[in-house]
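**Student:**
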Amino acid sequence: MKINNILTIALTVVLLSSCAIQKKIKTADQLYKDGSYYNAVELYGEAYEKKQNNTKLTYKIAETNKALKDYKQAEEWYAKTSELNSTKPEAKFFEALMLKNQGKYDEAQVKFDEFVGDYDDKDGTGLKTRAKMELEGIALAKEMMDGKQEVEVETVSGGLNNTLQDFSPKSIGNGKVLMAALLAENAIELETAQAANEDYYSKLYFATNEGGTWKREFLNENINSSNMHVGNGILSRDGNIMYFTKCAEEPAQSMNCNIYKSNKVNGDWGEAEPLSMINKKGANTTHPALAYDALGNEILYFASNRVGSKGGMDIYYAEMNKDGNFSTPVNLGSSVNTKYDDLTPFYDNASGKLFFSSEGYPGMGGLDVFSVEGFGSEYTGAVTNAGYPINSSADDLYLALNDAGTDGYMVSNRVGTTSSRGETCCDDVFKVKLIKEQFLSYTFALEGDESNQAMTGVEAAFYKVNNGDFDFIGNQTTAKEPGSFKLEDGFAYKMNGSKDGYWPSISTIEESEIANMTTDTLTKVFYMKAIDRVKVKNVYFAFDQSDIREMYAVEMDSVLTLMNKYPNVKLKIDGHTDSKGSDAYNQKLSERRTIEAKEYFIEKGIDEARIMTQGFGETNPIAPNENTDGSDNEAGRAKNRRVEFKLQIETEDDMDVKVDYEAQDPKSMD
89 MKINNILTIA LTVVLLSSCA IQKKIKTADQ LYKDGSYYNA VELYGEAYEK
139 KQNNTKLTYK IAETNKALKD YKQAEEWYAK TSELNSTKPE AKFFEALMLK
189 NQGKYDEAQV KFDEFVGDYD DKDGTGLKTR AKMELEGIAL AKEMMDGKQE
239 VEVETVSGGL NNTLQDFSPK SIGNGKVLMA ALLAENAIEL ETAQAANEDY
289 YSKLYFATNE GGTWKREFLN ENINSSNMHV GNGILSRDGN IMYFTKCAEE
339 PAQSMNCNIY KSNKVNGDWG EAEPLSMINK KGANTTHPAL AYDALGNEIL
389 YFASNRVGSK GGMDIYYAEM NKDGNFSTPV NLGSSVNTKY DDLTPFYDNA
439 SGKLFFSSEG YPGMGGLDVF SVEGFGSEYT GAVTNAGYPI NSSADDLYLA
489 LNDAGTDGYM VSNRVGTTSS RGETCCDDVF KVKLIKEQFL SYTFALEGDE
539 SNQAMTGVEA AFYKVNNGDF DFIGNQTTAK EPGSFKLEDG FAYKMNGSKD
589 GYWPSISTIE ESEIANMTTD TLTKVFYMKA IDRVKVKNVY FAFDQSDIRE
639 MYAVEMDSVL TLMNKYPNVK LKIDGHTDSK GSDAYNQKLS ERRTIEAKEY
689 FIEKGIDEAR IMTQGFGETN PIAPNENTDG SDNEAGRAKN RRVEFKLQIE
739 TEDDMDVKVD YEAQDPKSMD
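Take the position in the sequence shown, starting the count at 1, then add 88; the result is the number in this note's numbering.
So, in structure tokens, the structure goes:
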């Protein structure tokens with residue numbers, strides 16, 4: 089009797105344990121269906137500890153890790169499934185795919201080759217055809233990684249990226265990005281997250297780089313929602329219209345997405361309206377992107393899985409009508425779309441190319457970025473892989489460039505992300521910069537000559553502005569044909585032109601002008617002005633300072649040109665201050681200012697014997713230091729902080745031009 093009781097108790101414990109395991113698996117299955125993969129994989133793992141060598145469990149754990157983009161864990165669990173059950177060939181396919189997603193191309197190639205050799209594809213899954221495409225992608229990846237890279241892709245520091253998902257970045261200039269993110273810091277249970285975590289739903293916001301740190305400016309409640317995921321924002325050319333996506337969970341994390349539009353009203357975003365002609369009931373409509381035809385009319389691209397798609401998500405476009413509404417959407421067809429997911433379109437008006445991400449072409453890993461030339465619905469060129477390093481062994485999507493097509497942002501879960509679980513779990517924003525040789529083609533012309541006929545014999549000196557310093561690059565003497573210098577993105581440049589009988593031509597090419605080049609050559613005309621009646625202007629100083637500021641280089645060099653052209657002319661430099669400080673201190677300060685100016689000319693080769701200096705302190709103001717009511721006159725004091733130049737001419741033959749002296753306004757109040 090005792091033995092029977094013991095067996096009964098033992099059997100009951102086993103049954104209870106089995107029920108607990110089944111309940112855990114059933115809960116995990118529901119979590120997986122809901123998209124709560126973090127929690128599902130934990131429960132599957134706990135069940136596996138009690139029910140090892142169960143291939144259904146090992147495959148579920150592999151699939152969940154794949155959904156989490158934890159390629160390493162997924163590969164191991166697919167391999168375990170294959171070892172336990174050789175009749176489940178899809179496990180070997182996905183094992184190979186996970187190896188490829190990790191960049192283990194040689195190992196992946198072996199596994200894909202084995203799969204192609206063993207699998208007959210009679211069940212119609214298409215995996216054999218896809219395996220062959222993946223093998224093409226491996227060969228392409230090796231070729232692209234060995235080739236010359238014309239793009240730089242780098243992580244973005246300063247807090248732009250968050251712990252979980254970051255997506256849909258769009259550069260809108262001046263260090264500002266429109267993007268969206270899931271801001272929750274942790275992966276938590278679905279219902280708890282929805283009930284208690286205000287950051288559970290993704291938000292759309294502007295991120296601005298302020299001194300190396302990114303600051304967020306969230307869009308108002310007309311755009312962001314307390315119970316829907318919001319993202320994929322894009323601005324119209326004038327910045328007054330925003331298109332974006334709102335996604336509801338129906339049920340759980342199965343998304344139902346639609347595109348909305350908001351107009352800027354009194355500087356803020358107005359009530360959002362769904363695009364009724366674009367959205368489709370029962371289908372996802374998302375990833376809006378804008379292009380413009382030759383007349384400036386809007387074209388809207390987007391991705392959708394509506395009836396009529398080739399498979400998964402397809403890319404569509406719609407033209408804006410005269411009434412401001414969009415026309416009936418048109419599928420881009422087999423020239424772009426595949427039977428797999430094709431999404432995150434972006435049209436680069438600078439190059440005339442549509443960029444998008446897809447799983448349906450040979451690529452380096454998961455989603456790769458591709459491009460195709462054309463416009464609207466007409467795409468006759470071949471779809472081309474955007475290459476390495478835009479693409480990686482992981483997912484790469486959301487490529488969007490600036491208006492010039494020279495740099496921008498994209499999203500990837502490649503190694504190096506701000507990840508909370510595994511090195512490839514989560515998508516981050518990456519900076520993209522196209523590397524291309526850029527040149528300046530320049531000529532000098534006489535100011536006022538409308539024909540811009542090239543002047544010969546101008547000595548052109550070229551400098552790169554590097555952290556405030558001027559690095560001399562080289563000089564050329566102009567001929568009838570334009571001169572040329574190679575430019576580097578990320579720097580400003582200064583061009584100095586000099587020729588006897590003409591004022592120096594000093595011009596700056598700003599860094600932004602180079603960054604926004606749409607071709608490989610920037611063409612510029614610099615102007616020379618003949619010397620006949622010359623102006624000699626004052627040089628002004630910062631408060632309590634005596635150094636010559638770069639902003640007055642033209643004034644200093646104008647005097648230098650006259651001193652070089654007329655060797656018999658001498659120069660008197662008078663120094664002055666405002667009324668702040670004691671008389672004695674201001675006298676010394678005015679003298680220091682004259683010495684600084686004198687040293688500038690001596691360093692440029694002017695004989696010291698030709699220069700005289702005198703400081704007057706605050707005794708000779710040319711503007712009031714105070715207002716009539718006794719308050720401080722900042723503008724007047726700025727005008728008094730100066731040196732004046734007087735050319736000392738002994739005979740009328742010393743100079744052949746008339747000199748005018750001008751006390752112009754200061755360029756800065758400091």
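Even for Gly, the Cβ is constructed at its ideal location relative to N, Cα and C.
1) Determine the DSSP secondary structure at W165, reduced to helix, strand or coil.
2) Could you tell me whether the segment 437-454 touches the segment 224-240, using the rule of 3 or more Cβ pairs below 8 Å?
3) Can you tell me where the alpha helix (DSSP H) holding T146 begins and where it ends?
4) DSSP three-state call for Q752: helix, strand or coil?
5) Under 8 Å by Cβ, that's how I've got L677 and S634 pegged, so tell me the actual separation to the nearest angstrom.
6) Just list the residues that DSSP pairs W302 with in beta bridges.
7) F579 by DSSP, collapsed to three states: which one?
8) Check whether the segment 388-397 touches the segment 367-375, taking contact to mean three or more Cβ pairs, one atom from each stretch, closer than 8 Å.
9) Applying the criterion that 16 or more other CB atoms from any shown protein chain within 10 Å of the CB defines a buried residue, is Y727 buried or exposed?
10) May I have the straight-line CA-CA distance separating V177 from E195, to the nearest angstrom?
11) Do you know how far the Cα of G705 is from the Cα of D671?
12) Look up L650 in the DSSP assignment and say whether it is helix, strand or coil.
13) Should V553 and T596 be called a contact, given that it needs their Cβ atoms to be closer than 9 Å?
14) How big is the Cα-Cα spacing for N656 and V624?
15) Which of helix, strand or coil does DSSP assign to N563?
16) Rounded to whole angstroms, what is the Cα-Cα separation between A340 and R502?
17) Within the continuous beta strand (DSSP E) that includes F444, where are the two ends?
18) Would you say R725 and G663 are within 9 Å of each other, going by their C-beta atoms?
19) May I ask you to verify whether the segment 521-533 touches the segment 250-263, counting CB pairs closer than 8 Å and requiring at least 3?
20) Just checking my contact of E691 with I636 at CB under 8 Å: how many whole Å lie between their CB atoms?
21) Per DSSP, which residues does T701 bridge with? Please list them.
22) Which same chain residues end up closer than 7 Å to F306 when comparing Cβ atoms and leaving out the 5 residues on each side of it in sequence?
23) State the Cα-Cα distance for the pair D753 and L534, rounded to the nearest angstrom.
24) Within 10 angstroms of the Cβ of V102, are there 16 or more other Cβ atoms? Answer buried if so, exposed if not.
25) How should I699 be labelled, buried or exposed, when 16 other C-beta atoms within 10 angstroms of its C-beta is the threshold for buried?
26) Rounded to a whole number of angstroms, what is the C-alpha to C-alpha distance between C345 and K368?
27) Could you give the distance in angstroms between the alpha-carbon of A108 and the alpha-carbon of F463?
28) Smallest Cα separation from Y615: which of D537, S364 and G300?
29) Quick one: Cα of N141 to Cα of T152, how far?
30) Are E679 and G703 touching if we call contact CB-CB under 9 Å?
31) If N249 and V517 are in contact, beta carbons under 8 Å, what's the gap, nearest whole angstrom?
32) Quick one: what does DSSP say Y120 is sitting in, helix, strand or coil?
33) Quick one: Cα of A438 to Cα of M605, how far?
34) Can you list, in chain order, the stretches of the beta strand (DSSP E) that have 3 or more residues and sit fully within the segment 437-495?
35) Rounded to a whole number of angstroms, what is the C-alpha to C-alpha distance between F532 and I387?
36) Looking at I322: is its Cβ nearer than 9 Å to the Cβ of A268?
**Tutor:** In terms of the structure at hand:
1) Counting from one through the sequence shown, the residue named residue 165 turns up at place 77. Residue state, collapsed to three classes: helix.
2) yes
3) For the purposes of this step, residue 146 is taken as the residue at position 58 of the sequence shown. Looking at the DSSP string, the run of the alpha helix (DSSP H) that includes T146 is T143 to A155.
4) On the sequence shown, position 664 is the one that residue 752 refers to. Reduced to three states, the DSSP call for Q752 is coil.
5) Taking the first residue of the sequence shown as position 1, residue 677 is located at position 589. Taking the first residue of the sequence shown as position 1, residue 634 is located at position 546. Yes, they are in contact, since the Cβ atoms of L677 and S634 sit about 6 Å apart, within 8 Å.
6) Within the sequence shown, the letter at position 214 stands for residue 302. Answer is N297, bridged to W302.
7) Your numbering for residue 579 matches position 491 in the sequence shown. Correct three-state label for F579: coil.
8) yes
9) The sequence position of residue 727 within the sequence shown is 639, counting from 1. The amino acid at residue 727 is misidentified as Tyr; the sequence shows Lys. Its Cβ being crowded by 16 or more others within 10 Å, K727 is buried.
10) Counting from 1 along the sequence shown, the entry for residue 177 is found at position 89. Counting from 1 along the sequence shown, the entry for residue 195 is found at position 107. Per the sequence shown, residue 177 should be read as Pro rather than Val. Their Cα atoms are separated by approximately 17 Å.
11) Position 583 of the sequence shown, counted from the start, is the residue given in the question as residue 671. Position 617 of the sequence shown, counted from the start, is the residue given in the question as residue 705. When rounded, the distance between both Cα atoms is 7 Å.
12) To locate residue 650, count along the sequence shown from 1; it is residue 562. Note: L650 maps to helix in three-state DSSP.
13) Walking along the sequence shown from the start, residue 553 turns up at place 465. Walking along the sequence shown from the start, residue 596 turns up at place 508. A contact, by the Cβ cut-off of 9 Å.
14) In the sequence shown, residue 656 corresponds to position 568, counting from 1. In the sequence shown, residue 624 corresponds to position 536, counting from 1. Rounded to the nearest angstrom, the two C-alpha atoms are 17 Å apart.
15) Sequence index remark: in the sequence shown, residue 563 carries index 475 (1-based). Strand.
16) Residue numbering aside, residue 340 sits at position 252 when the sequence shown is read from its first letter. Residue numbering aside, residue 502 sits at position 414 when the sequence shown is read from its first letter. Unreliable placement is indicated for A340, whose pLDDT of 45 sits below 50; no coordinate value is reported for it.
17) The residue labelled residue 444 in the question sits at position 356 within the sequence shown. Unbroken beta strand (DSSP E) run through F444: K441 to S446.
18) By one-based count along the sequence shown, residue 725 stands at place 637. By one-based count along the sequence shown, residue 663 stands at place 575. No.
19) no
20) Here the question's residue 691 lines up with position 603 in the sequence shown. Here the question's residue 636 lines up with position 548 in the sequence shown. About 11 Å separates the two Cβ atoms, so there is no contact after all.
21) Residue 701 sits at position 613 when you count from the first residue of the sequence shown. Answer by DSSP bridge pairing, in chain order: I661.
22) Residue numbering aside, residue 306 sits at position 218 when the sequence shown is read from its first letter. Closer than 7 Å at the Cβ level, and outside the excluded window around F306, lie K291, Y293 and N312.
23) For the purposes of this step, residue 753 is taken as the residue at position 665 of the sequence shown. For the purposes of this step, residue 534 is taken as the residue at position 446 of the sequence shown. Taking the straight line joining both Cα atoms gives about 27 Å.
24) Position 14 of the sequence shown, counted from the first residue, corresponds to residue 102. Here V102 scores only 40 on pLDDT, less than 50, and its place in the model is too uncertain to base an answer on.
25) As a first step, residue 699 is located in the sequence shown; it is residue number 611 there, counting from the start. With 16 or more other Cβ atoms within 10 Å, it is buried.
26) By one-based count along the sequence shown, residue 345 stands at place 257. By one-based count along the sequence shown, residue 368 stands at place 280. Roughly 10 Å between the two C-alpha positions.
27) Indexing the sequence shown from 1 puts residue 108 at position 20. Indexing the sequence shown from 1 puts residue 463 at position 375. Taking the straight line from one Cα to the other gives about 58 Å.
28) What you label residue 615 is simply residue 527 of the sequence shown in a count that begins at 1. Taking only the C-alpha atoms, the option nearest Y615 is D537.
29) Reading the sequence shown from its first residue, position 53 is the one you call residue 141. Reading the sequence shown from its first residue, position 64 is the one you call residue 152. Taking the straight line from one Cα to the other gives about 17 Å.
30) Residue mapping note: residue 679 aligns to position 591 of the sequence shown, counting from 1. Residue mapping note: residue 703 aligns to position 615 of the sequence shown, counting from 1. Taking 9 Å as the Cβ cut-off, E679 and G703 qualify as a contacting pair.
31) Working through the sequence shown from its first residue, we reach residue 249 at position 161. Working through the sequence shown from its first residue, we reach residue 517 at position 429. Going by Cβ atoms, the distance from N249 to V517 rounds to 6 Å, so yes, they are a contact pair.
32) In the sequence shown, counting from the first residue as 1, residue 120 sits at position 32. Here Y120 sits in helix by DSSP.
33) Position 350 of the sequence shown, counted from the first residue, corresponds to residue 438. Position 517 of the sequence shown, counted from the first residue, corresponds to residue 605. About 10 Å.
34) 441-446, 456-461 and 484-489
35) Stepping through the sequence shown from its first residue, residue 532 is reached at position 444. Stepping through the sequence shown from its first residue, residue 387 is reached at position 299. Using only the alpha carbons, I get a separation of about 42 Å.
36) Within the sequence shown, residue 322 is the residue found at index 234, counting from 1. Within the sequence shown, residue 268 is the residue found at index 180, counting from 1. No, Cβ-Cβ distance for I322 and A268 is not below 9 Å.
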